[in-house]
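Worksheet: the structure to be examined is printed underneath.
2 protein chains.
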Amino acid sequence: MADVARQAEVSIKTVSRVVNDEEGVRPQTAAKVRAIIETLGFHRHEGASMLRKGRSTSIGLIVEDLGNPWYSQLAASMEREARSRQHFLLSVSAEGLPEREAELVDALVARRVEGLVVVPASSIPSEAIRRAALQLPVVCVDRPLPGLHADTVLSDNDGGTRSAVEHLAAHRHQHLGFLGDDAAIWTAQRRHTAFVQSYDSLGLPGRPRTALGPYAAGEVSDILQEWCSGTAPVTAVLTSNNRVTLAVIVAVRTLGLDLVVVGYDDFELAEFLDPPITVVHQDPAALGERAVQQIFARLDGDDAEPRTLVLPTRLIVRGSARRAARIGEGRSGDRARHTAS
Amino acid sequence: MADVARQAEVSIKTVSRVVNDEEGVRPQTAAKVRAIIETLGFHRHEGASMLRKGRSTSIGLIVEDLGNPWYSQLAASMEREARSRQHFLLSVSAEGLPEREAELVDALVARRVEGLVVVPASSIPSEAIRRAALQLPVVCVDRPLPGLHADTVLSDNDGGTRSAVEHLAAHRHQHLGFLGDDAAIWTAQRRHTAFVQSYDSLGLPGRPRTALGPYAAGEVSDILQEWCSGTAPVTAVLTSNNRVTLAVIVAVRTLGLDLVVVGYDDFELAEFLDPPITVVHQDPAALGERAVQQIFARLDGDDAEPRTLVLPTRLIVRGSARRAARIGEGRSGDRARHTAS
DNA sequence: TTGAAAGCGTTACCAC
DNA sequence: GTGGTAACGCTTTCAA
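In the order they appear, the protein sequences are chains A and B. Going by my numbering, the first residue of the first sequence is number 1035, and it counts up by one from there. Going by my numbering, the first residue of the second sequence is number 1035, and it counts up by one from there.
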């Protein structure tokens, strides 16, 4: 910037004004400065700016894995929303490890993000995030962090789960199974609980078959096979997220089971599988959008008590669960066919 | 840091040494400093550090859309690779707009990323990226930027396309179609050319039917319907990427066409569609990994001429294309069935 | 093993 | 409209 000032024969301050599109610079002066900036290939040093201003016009996001479509949609929508306010999104993956998450919190705070959005890896707030929450707005997405003074944006796990169970029950499925992801994941637990409650409150017979991960290789297959055999075989299963849905689809197809699958989280092409997969849809993009809006609200001075926002889910019914259970029919190996009811 | 120094009754420099795990601090001094850091909730200011050091231990990535699984896998693998060298990944979406890409290049350079990886939005290097390439290592991924002094990591578009066409021809498909993505995308063009060349060199009859986007709503359906009617109907189509594959699958299923689809880019569940989809698999994670390695090689002092790396593709054969063309058979509306040949 | 002081590039404040 | 100067928080250099 000093170089530019020298060449343009103006002061550093004037260059700074031009770079920041500030008022009070004669157009011709500005033009000259801009020309020099161009020829010199000058780039403002954000670090220096951050240092002086004490702010960074960026917000941070910590998820489990950016490679997972659910999280990458979250990140993409947050990026859009942040950009609408001239902010940068720094998004990183903690790989489900609380200690890595803590490191990343510190790294983002060190980069002076103005707000931090986290999909927590565990249900216990780390020291790092407690400290962070004292200095800047923190928003938990998808899973809460009890005891942390932070806003929270969740989707309606209870309602979503209930809608799936009710739908299956309405189609004469009586013996349902639930396959959750890793028990350490809050949503898996939550949906598990909601599943059992819905099962009971609907007065479905017997006890619900449920399992929680993490699953060893082939374990999902084993579980399904067991559930599908015996005197009261399961005719439909609900999963707790896209990862498990995938494993279940693979198992069902590999084993040739006649099993209705309802997934948590929508995914591309779900409609075109055979049978099509009904899903509980929660919109990660909407979650991300609200989270960023929450951050900005706080930055704009909103200092009310922490809020929890619960976004609705939507049951997307596809062939898989419209197909009613065929009570008393022979359950041989004949392949599931899309049969609208 | 000054606060910490005061409280710990040491100099700022000593605190700095502790924070950076430098040698030459008595363990007890270090312990005391660390304790104060903890109680004060001190966080090193990366901006100030960057300013003084002139480096940022971060690298930048510009893609089209982080929400697209292909790009998010690229980003995830780059993040892993960067972390293995203690670097941060700043990943942003340009939404396919060259002017936004230019802005983002400047924004990342302003943040003093040490290297920049770009999936270029157009084939013409912007001024911004030209300037950037003079100051730091730039790597183009997936698409080249002719005339830019930068390393490039591509996947083998010609080979991948040829493998798909040869595979189809070997299964007696004679009338093939190619549906490319937006003509502005280099890979779409490239695969289009390779498709036509393969078609000719294999001596397939007639002229290859091809189309390039962008497609209006419903246009893909119209094109396919036209190709599938007439005297020499197309029996198989190749797409140029996952976006088009999706549109084609939707159209094929909606129209009930009896058409073999080979996709470019693998995707989850491709195996379980009916019919299963054969794909040309290119590993975005591998591309990302190599790109980051290239950046680090340059940072480590490698100053050879720019290199272009071409990674191989792999044809993943699934039922869709194993199914041979049924020459002379009636082509009524009967639904495609998985028929191994 | 520890410390003092200079300086990185920018912006805020005030003066002209 | 424009310019000088201090200060942001850190690391480098050099000295103790």
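Even for Gly, the Cβ is constructed at its ideal location relative to N, Cα and C.
For the putative contact between residue i and residue j, defined by C-beta atoms under 8 Å, what is the C-beta separation to the nearest angstrom?
i	j	result
B:THR1347	B:HIS1315	6 Å
B:ALA1128	B:LEU1138	6 Å
B:VAL1187	B:LEU1307	Contact flag wrong, Cβ pair sits at about 30 Å.
A:ASP1140	A:ALA1162	5 Å
A:MET1035	A:SER1050	7 Å
B:VAL1294	B:LEU1213	In fact, because the Cβ distance is near 13 Å, the residues do not count as touching under 8 Å.
A:ALA1304	A:VAL1313	6 Å
B:SER1255	B:ALA1285	4 Å
B:ASP1099	A:ALA1110	6 Å
A:PRO1103	B:PRO1178	Not a contact, Cβ separation roughly 28 Å.
B:ILE1350	B:ASP1299	No, B:ILE1350 and B:ASP1299 are not in contact; Cβ-Cβ is about 11 Å, not under 8 Å.
A:LEU1258	A:LEU1291	6 Å
Measuring alpha carbon to alpha carbon, tell me which of the options ends up nearest residue i.
i	options	result
A:GLY1297	A:ARG1341, A:ALA1222, A:VAL1152 and A:GLU1043	A:ALA1222
A:GLY1240	A:HIS1226, A:ALA1270 and A:GLN1208	A:GLN1208
B:GLU1072	B:GLU1056, B:LEU1246 and B:VAL1038	B:VAL1038
B:ARG1134	B:HIS1077, B:ARG1114, B:LEU1349 and B:SER1156	B:SER1156
A:SER1175	A:SER1235, A:ALA1082, A:ASN1191 and A:TYR1249	Inspection of the sequence shows that residue 1175 of chain A is occupied by Val rather than by Ser. Residue A:ASN1191 is the option with its Cα nearest to A:VAL1175.
B:VAL1126	B:ARG1146, B:LEU1291 and B:GLY1101	B:GLY1101
B:HIS1077	B:ALA1144, B:THR1091 and B:VAL1052	B:VAL1052
A:MET1084	B:ILE1257, B:ASP1336 and B:ARG1146	B:ARG1146
B:LEU1238	B:PRO1103, B:ARG1206 and B:GLY1075	B:ARG1206
B:ALA1218	B:ALA1184, B:PRO1132 and B:SER1189	B:PRO1132
B:GLY1247	B:VAL1282, B:ALA1065 and B:SER1232	B:VAL1282
B:ALA1338	B:LEU1280, B:HIS1183 and B:LEU1236	B:HIS1183
A:LEU1333	A:ARG1086, A:ALA1144, A:VAL1173 and A:SER1106	A:VAL1173
A:PRO1171	A:GLU1200, A:GLY1094 and A:TYR1233	A:GLY1094
A:GLU1115	A:LEU1343, A:PRO1309 and A:LEU1321	A:LEU1321
A:ASP1185	A:ASP1292, A:ILE1070, A:ARG1086 and A:ARG1324	A:ARG1324
B:GLU1200	B:GLN1107, B:SER1232, B:ARG1164 and B:GLU1057	B:SER1232
B:ARG1040	B:ILE1350, B:VAL1067 and B:GLU1056	B:VAL1067
B:LEU1280	B:ASP1215, B:SER1189 and B:SER1090	B:ASP1215
B:ALA1251	B:ALA1144, B:THR1091, B:VAL1268 and B:VAL1278	B:VAL1278
A:LEU1210	A:ALA1204, A:ARG1341 and A:ARG1243	A:ARG1243
Say whether chain A places a C-beta atom closer than 8 Å to the C-beta of residue i.
i	result
B:ALA1069	no
B:ASP1368	Caution applies to B:ASP1368, whose pLDDT of 37 falls short of 50 and renders its modelled position unreliable; the model cannot decide the point.
B:HIS1121	no
B:ARG1352	no
B:HIS1077	yes
B:ALA1036	no
B:ASP1099	yes
B:THR1373	Low confidence applies to B:THR1373: its pLDDT is 29, below 50, so where it sits in the model is not reliable, and the reading given next is rough at best. With 8 Å as the cut-off, B:THR1373 does not count as an interface residue toward chain A.
B:ARG1365	Bear in mind that the predicted position of B:ARG1365 carries a pLDDT of just 38, short of 50, making it unreliable; the figure below should be weighed with that in mind. Answer no: the Cβ-Cβ gap between B:ARG1365 and chain A never drops below 8 Å.
B:GLU1001	Past the edges of chain B, shown from 1035 to 1375, lies residue 1001 of chain B, and the structure says nothing about it.
B:VAL1052	no
Counting only beta-carbon atoms, is residue i nearer than 8 Å to chain B?
i	result
A:SER1189	no
A:PHE1306	yes
A:GLN1107	yes
A:ASP1140	yes
A:SER1125	yes
A:GLY1362	Its pLDDT being 42, under 50, A:GLY1362 is placed unreliably in this model, and the value from its coordinates should be taken loosely. No, no contact with chain B.
A:GLY1335	no
A:ALA1005	In the structure as shown, chain A begins at 1035 and stops at 1375. Residue 1005 of chain A is therefore absent and cannot be evaluated.
A:ASP1176	no
A:PRO1267	no
A:GLU1148	no
A:ILE1283	yes
A:VAL1049	no
Is the closest heavy atom of the ligand ADP to the C-beta of residue i under 7 Å?
i	result
A:GLN1259	Of the ligands one can find in the structure shown there are none, so the ligand ADP has no counterpart to examine.
Pull the bridge partners of residue i from the DSSP assignment, please.
i	result
B:LEU1321	Beta-bridge pairing links B:LEU1321 to no other residue.
B:ASP1185	B:VAL1173
B:HIS1315	B:ARG1348
B:VAL1295	B:VAL1271
B:LEU1138	Paired residue(s): none; B:LEU1138 is not in a bridge.
A:ARG1243	A:GLY1211
B:GLY1149	B:ILE1093
- Query: Is the segment 1138-1153 of chain A touching the segment 1322-1331 of chain A, taking contact as three or more C-beta pairs under 8 Å?
  - Reply: yes
- Item | Segment contact flag, the segment 1193-1200 of chain A with the segment 1223-1240 of chain A, C-beta cutoff 8 Å, min 3 pairs | yes
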